[in-house]
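Remarks on the structure that follows.
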Amino acid sequence: MDNLPLGPIYVATRNDALPSVISRCPNDRLCDLVFLQNGYVQNFMNHFGVGDNTQALLFFAVTKAGAKPIDGVTTVNPEGLTAVTGKHSADFAGRLSELNLKCNILDKTSYEKAMYEKLIWISSLMLIGAAKGEATVGDAKMNHSELVARLISEMSASVDVNLEEGTLPRLLAYTDVVADFPCAVKEYEWRNKLFHEKGCELHNSLLDKCVERGVFAFP
């Protein structure tokens, strides 16, 4: 990673590859790393001294390699839900704009709230789908609407910030946009582990159901 051009360095890897990426980055360029990962990564970033780096929440989906991205523009949020915070925010938003994708530049506090909402979405709809044998997040929403509302409410109450009013309708509207996204409990340590350790009873009972069905195993 020596002799990199000046400017942002976009880190588009799986979460478990992050320690290797950070360790290989020259110290004087660590501040230019831009993190694009799903899940709860803040404690990890703080541990490695990059807690104030640019981070982005990607509220769009790409169904297969080479396909056009489906933007997270919803009936509730026509401005889109993708967000970024940090020193390279303008560069990131500009790159998305070239692809006709919307992006909101947020301060750290507002970004943290949005981060928790994305975490709740990815840790709830796919969990319900996996526990109930649904193929997609759209199926999970359509066939288990009351359960979805209860789980999102439980998880929202467990996080360390006060989320903006309207979390449920925002996340349901986003689900409609990416309704064909497949259900699976993935990257437990970066997603559902937070809620499991917080003792969210409904969430944890659904995890146990996934274990019973053989679609998830605790690491």
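Read in our numbering, the sequence shown has 1096 at position 67, and its numbers run on one by one without any break. Even glycine gets a Cβ: it sits at the ideal position worked out from N, Cα and C. Since the model is a prediction, treat every value here as computed from it, not as a measurement.
Assigned secondary structure, residue i (DSSP; H/G/I helix, E/B strand, else coil)
i: Val1206; result: helix
i: Pro1055; result: coil
i: Val1091; result: coil
i: Val1214; result: coil
i: Thr1042; result: coil
i: Leu1086; result: strand
i: Phe1245; result: coil
i: Asp1061; result: helix
i: Thr1114; result: strand
Sub-8 Å separation of residue i and residue j beta-carbons
i: Thr1111; j: Gly1123; result: no
i: Pro1028; j: Asp1120; result: Residue numbering for the chain in the displayed model covers 1030 to 1248; residue 1028 lies beyond these limits and cannot be assessed.
i: Gly1115; j: Thr1138; result: no
i: Leu1156; j: Ile1181; result: no
i: Ala1160; j: Lys1238; result: yes
i: Ala1202; j: Gly1167; result: no
i: Pro1098; j: Leu1130; result: yes
i: Ala1169; j: Leu1154; result: yes
i: Val1190; j: Glu1141; result: yes
i: Cys1212; j: Glu1146; result: no
i: Cys1132; j: Val1105; result: no
i: Val1040; j: Leu1059; result: no
i: Val1003; j: His1117; result: Look at the range of the chain in this structure, 1030 to 1248, and you will see that residue 1003 is not part of it.
i: Ser1185; j: Thr1196; result: yes
i: Leu1086; j: Ala1143; result: yes
Residue i, enclosing alpha helix (DSSP H) - first and last residue
i: Leu1235; result: 1230 to 1242
i: Phe1121; result: 1118 to 1127
i: Gln1071; result: 1071 to 1076
i: Leu1223; result: 1221 to 1226
Spatially closest choice to residue i from the options, by CA coordinates
i: Gly1068; options: Arg1058, Asn1044, Val1091, Pro1055; result: Asn1044
i: Val1244; options: Glu1193, Gly1158, Asn1172; result: Gly1158
i: Glu1230; options: Leu1201, Arg1053, Arg1179; result: Arg1179
i: Ala1046; options: Asn1032, Leu1065, Asn1056, Leu1154; result: Leu1065
i: Tyr1008; options: Pro1211, Ser1152, Leu1197; result: Coverage of the chain is limited to positions 1030 through 1248, which leaves residue 1008 absent and any answer about it impossible.
i: Asn1221; options: Asp1061, Val1063, Val1070; result: Val1070
i: Asp1205; options: Phe1088, His1232, Val1240; result: Phe1088
i: Glu1175; options: Pro1198, Glu1194, Glu1193, Gly1109; result: Pro1198
- prompt: For the segment 1132 to 1177, which segments carrying the alpha helix (DSSP H) assignment without a break, of at least 4 residues, lie completely within its bounds, in sequence order?
  reply: 1137 to 1161, 1166 to 1172
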